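Structure first, commentary second.
Number of protein chains: 2
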Amino acid sequence: MVGDNGATRGGLDDGTHPTKDGKKATIRDVANWAKVSLGTVSNVLNDPDRVAAATRNRVLDAIEATGFIRNIAARQLRGGGSKAIGIVILDSSNPFFTEMIRGAEDALRPEGYLLIACSTDGNEERETNYLRHLEEHQVEGVLITPSDDNLGQIIEFHDRGTPVVLVDRESNSGELCSVTVDDVKGGSIAVTHLIEEGHRKIVFINGPSSIRQCRDRRAGVDVAIRTLKNNSNTDKIEIVDIGVPALSIAAGEDIANSLLDIDPSITAIMCANDLLAIGVMRGITRSGSDLLSRIALVGYDDITFSSLVSPPLTSVRQPQYDLGHAAAKLLLEELADATHRHREIRFTPDLVVRESSCKHSIQS
Amino acid sequence: MVGDNGATRGGLDDGTHPTKDGKKATIRDVANWAKVSLGTVSNVLNDPDRVAAATRNRVLDAIEATGFIRNIAARQLRGGGSKAIGIVILDSSNPFFTEMIRGAEDALRPEGYLLIACSTDGNEERETNYLRHLEEHQVEGVLITPSDDNLGQIIEFHDRGTPVVLVDRESNSGELCSVTVDDVKGGSIAVTHLIEEGHRKIVFINGPSSIRQCRDRRAGVDVAIRTLKNNSNTDKIEIVDIGVPALSIAAGEDIANSLLDIDPSITAIMCANDLLAIGVMRGITRSGSDLLSRIALVGYDDITFSSLVSPPLTSVRQPQYDLGHAAAKLLLEELADATHRHREIRFTPDLVVRESSCKHSIQS
DNA sequence: CTGAAAGCGCTTACAG
DNA sequence: CTGAAAGCGCTTACAG
Chain X
1 MVGDNGATRG GLDDGTHPTK DGKKATIRDV ANWAKVSLGT VSNVLNDPDR VAAATRNRVL
61 DAIEATGFIR NIAARQLRGG GSKAIGIVIL DSSNPFFTEM IRGAEDALRP EGYLLIACST
121 DGNEERETNY LRHLEEHQVE GVLITPSDDN LGQIIEFHDR GTPVVLVDRE SNSGELCSVT
181 VDDVKGGSIA VTHLIEEGHR KIVFINGPSS IRQCRDRRAG VDVAIRTLKN NSNTDKIEIV
241 DIGVPALSIA AGEDIANSLL DIDPSITAIM CANDLLAIGV MRGITRSGSD LLSRIALVGY
301 DDITFSSLVS PPLTSVRQPQ YDLGHAAAKL LLEELADATH RHREIRFTPD LVVRESSCKH
361 SIQS
Chain U
365 MVGDNGATRG GLDDGTHPTK DGKKATIRDV ANWAKVSLGT VSNVLNDPDR VAAATRNRVL
425 DAIEATGFIR NIAARQLRGG GSKAIGIVIL DSSNPFFTEM IRGAEDALRP EGYLLIACST
485 DGNEERETNY LRHLEEHQVE GVLITPSDDN LGQIIEFHDR GTPVVLVDRE SNSGELCSVT
545 VDDVKGGSIA VTHLIEEGHR KIVFINGPSS IRQCRDRRAG VDVAIRTLKN NSNTDKIEIV
605 DIGVPALSIA AGEDIANSLL DIDPSITAIM CANDLLAIGV MRGITRSGSD LLSRIALVGY
665 DDITFSSLVS PPLTSVRQPQ YDLGHAAAKL LLEELADATH RHREIRFTPD LVVRESSCKH
725 SIQS
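Same order as they appear, the protein sequences are chains X and U. Residue numbers for the first sequence, in this note's numbering: 1 to 364. Residue numbers for the second sequence, in this note's numbering: 365 to 728.
Structure (structure tokens):
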């Protein structure tokens, strides 16, 4: 489909094909082939209507014939924009984030943006590195779930000129757009459910308190307890806090052993996310203990797999895809409008009750 | 930490900070600040030893003070390379690929590369688009799991000058490096296991035959049957083929209904991957049927969640992380050495037997 | 060891 | 409607 067209239609005198293992075709090769100037080729690329149809078609043919691929680096150097967006997340192996990325990508792809996804594993140094790399690559914007509570470097990054939207994290005083889910509420509805099921002594397995989600979910527990106390009849409720270093299956599995000979008055476990809960389940199951059948368990995120584990896991559902999608939309807004006013979008989570927290009601 | 250093240490006469919401600092701002030429700044950046320590430190201070961030676009235009690698996969929501990406990234990050991950969902048009975008962005190399059997456009892409390593797909005649897992073998060991468990009539739920993995896994079944027949005593074995449009949980769930009133002589189901198998499990469970307790089920990939579903899923393990890691290493080799000889790395899968395929042995 | 100059591939006013 | 020219920010020989 390419071949010696070049020779017959005019253009390259020597008949060689510019893309053939020599250098890549440039806009200049296209111009030569089509017998027009560089500027005209550029116009065809960027503002086709400005070019007469006949000329335009000749240029289009030349692009086809030479195998020309526009060099974004050069374009952007002239102010064209990189057409790339960075997305910085905490954990690429958590399906929660995978879904979020999918949401963002579906919003960005139609606009011609390429998404560069970076997983920090909650490591702030990695975050710093990724941000620098993204800035070096001149991404036009960044979606980020901060790995640390301190927004300092992110705000500096933003002030240096790259639009930023926070995902699953609010900005302190509206300096940035954000899309969040109410984690206090989420923690609250989860523990309320457990209490309503009759549990009075509950273990809360939490991730690093540097992660805001972890703190808020835990705070929601206290809110719920306070509310219930005011509303009377509930007797003393006790929360036993256990911290683990990561929100992962492995961390859950590691902590499982220490749960085996737990105070028998404890009847429920709440985990800061589903991976942790699933890890706890696996650890307990592997140990051969029947603890799982005696205790209620709830997670957080409602990732796809949570409905598939055994027993199916009760969880707090967050609109994962929508989080990413909404964040991307905000970013596009900011990209399109320099005078953009920052906005904060907040979703409300809801509880998905499954067997893991209701053995009694199901068995009886 | 920045502030008016500029004024005291020399440099900018007006005392303004170049990064403050004006334009970004360029190499020229750094040069002015440090009272050296552009070339010297560039040398500090690219070949620090060439610059005298005193000068170098002054330049380093200037970089710090001006908040200079190198512009990769400009650098690469001069031939410096984009320091970006593309990875094109089939399905970003399949943990198999997530792990693979993690493997690749761990190999690439230390070398300073940024990974651009693109999920085609098996759609060839999306693949074409992503390849063009990656080429426009001048990625230095691409790791790709082709969405289609036809390697044509990938080979053209490679011939145009970007190194490519195939992942989970062999090149036809060694034109490209590749890292694969023996899927024929995998299909073979999975079905052999079922046959050894006594199953004679087996359903094979397969994805699109345009995906090589699907074809090979199915082919492995035939290989196994042929081998067993030659080795005597096995009576007739029957495979019932069912095709679904995607290798996803949703596709598995959709097909589950049609399995409910299945010929009772069928005692086992084999799925082309774990997501499909997990979807089938979910579909059957949701329907309220007890089919799952009567039938053996095996999947393929051994994603993390497969050991956690109920019943735990027997699966063919592939070294997901290693696949990505090895592919990235091959790419780095090709990047470093133009005279590079293409290599094909092939891993061998193994069977992980769990309850889903051994109810009898476990219950009895 | 340091600096001046050319040029990477493109876009953008500005003439014609 | 089309072309010539300047310049984006950097790197790379090449002089000095």
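Positions of the beta carbon are idealized from the N, C-alpha and C atoms, including for glycine. Note that this is a predicted model, so its numbers are computed, not measured.
Run the CB neighbour count on residue i, radius 10 Å, all protein chains shown included, and call it buried at 16 or more, exposed below.
| i | result |
| --- | --- |
| Ser171 (chain X) | buried |
| Ala277 (chain X) | buried |
| Gly538 (chain U) | exposed |
| Gly103 (chain X) | buried |
| Arg282 (chain X) | buried |
| Thr712 (chain U) | exposed |
| Ser679 (chain U) | buried |
| Asn32 (chain X) | buried |
| Gly476 (chain U) | exposed |
| Arg286 (chain X) | exposed |
| Lys593 (chain U) | exposed |
| Arg718 (chain U) | buried |
| Arg422 (chain U) | buried |
| Arg439 (chain U) | buried |
| Asp21 (chain X) | With a pLDDT of only 43 at Asp21 (chain X), under the threshold of 50, the placement of this residue in the model should not be trusted; the figure read from the coordinates follows. Classification of Asp21 (chain X): exposed, given that the 10 Å Cβ count is below 16. |
| Gly450 (chain U) | buried |
Using the three-state DSSP reduction, which class does residue i fall into: helix, strand or coil?
| i | result |
| --- | --- |
| Phe96 (chain X) | helix |
| Asp168 (chain X) | coil |
| Arg238 (chain X) | Looking at the sequence provided, one finds Glu at residue 238 (chain X) rather than Arg. Three-state DSSP puts Glu238 (chain X) in a strand. |
| Asp757 (chain U) | With chain U represented from 365 up to 728, any question about residue 757 (chain U) goes unanswered, as that position is not in the structure. |
| Thr55 (chain X) | helix |
| Asp274 (chain X) | helix |
| Gly607 (chain U) | strand |
| Ala84 (chain X) | strand |
| Leu715 (chain U) | strand |
| Leu114 (chain X) | strand |
| Glu373 (chain X) | Outside the shown range of chain X, which is 1 to 364, sits residue 373 (chain X), and nothing can be said about it. |
| Ser542 (chain U) | strand |
| Ser345 (chain X) | Sequence check: residue 345 (chain X) is Ile here, not Ser. Here Ile345 (chain X) sits in strand by DSSP. |
| Ile453 (chain U) | strand |
| Ile69 (chain X) | coil |
| Gly467 (chain U) | helix |
| Asp411 (chain U) | coil |
| Val41 (chain X) | helix |
| Gln682 (chain U) | coil |
Does residue i have its Cβ less than 8 Å from a Cβ in chain U?
| i | result |
| --- | --- |
| Ile69 (chain X) | yes |
| Glu355 (chain X) | no |
| Lys24 (chain X) | yes |
| Ser147 (chain X) | no |
| Arg102 (chain X) | yes |
| Thr304 (chain X) | yes |
| Pro48 (chain X) | no |
| Ser289 (chain X) | no |
| Leu308 (chain X) | yes |
| Ile63 (chain X) | no |
Does residue i come within less than 8 Å of chain X when only Cβ atoms are used?
| i | result |
| --- | --- |
| Ser430 (chain U) | Correcting the residue type first, residue 430 (chain U) is Thr in the shown sequence and not Ser. It does not; no Cβ of chain X falls within 8 Å. |
| Gln684 (chain U) | no |
| Arg705 (chain U) | no |
| Ala702 (chain U) | no |
| Leu515 (chain U) | no |
| Ser406 (chain U) | no |
| Ala471 (chain U) | no |
The stretch 156-168 of chain X: which residues have C-beta closer than 8 Å to a C-beta of chain U, in chain order? Asp159, Arg160 and Gly161
Uninterrupted beta strand (DSSP E) stretches inside the stretch 117-151 of chain X (no shorter than 3 residues): 141-144
Between the stretch 558-578 of chain U and chain X, which residues of the former have CB atoms less than 7 Å from a CB of the latter, in chain order? none
Taking a cut of 9 Å between CB atoms, which residues from the stretch 116-149 of chain X lie near chain U? Ile116, Ala117, Cys118, Ser119, Arg126, Asn129, Tyr130, Arg132, His133, Leu134, Glu135, Glu136, His137 and Gln138
Any residues in the stretch 219-232 of chain X with a beta carbon nearer than 9 Å to a beta carbon of chain U? Which ones, in chain order? none
Members of the stretch 310-335 of chain X near chain U, C-beta cut-off 8 Å: Ser310 and Pro311
Which residues, in order along the stretch 452-465 of chain U, keep a beta-carbon less than 8 Å from a beta-carbon of chain X? Ser456, Ser457, Pro459, Thr462, Glu463 and Ile465
Could you name each continuous alpha helix (DSSP H) segment of 4 residues or more that falls completely within the stretch 180-231 of chain X, going from the start of the chain to the end? 183-196 and 212-230
Enumerate, from N- to C-terminal direction, the unbroken beta strand (DSSP E) stretches of 3 or more residues contained entirely within the stretch 258-316 of chain X. 268-271 and 296-298
Interface residues of the stretch 229-263 of chain X facing chain U [CB-CB below 7 Å]: Ile249
Residues of the stretch 270-297 of chain X in Cβ contact with chain U at a cutoff of 8 Å, in chain order, please. Ile278, Met281 and Arg282
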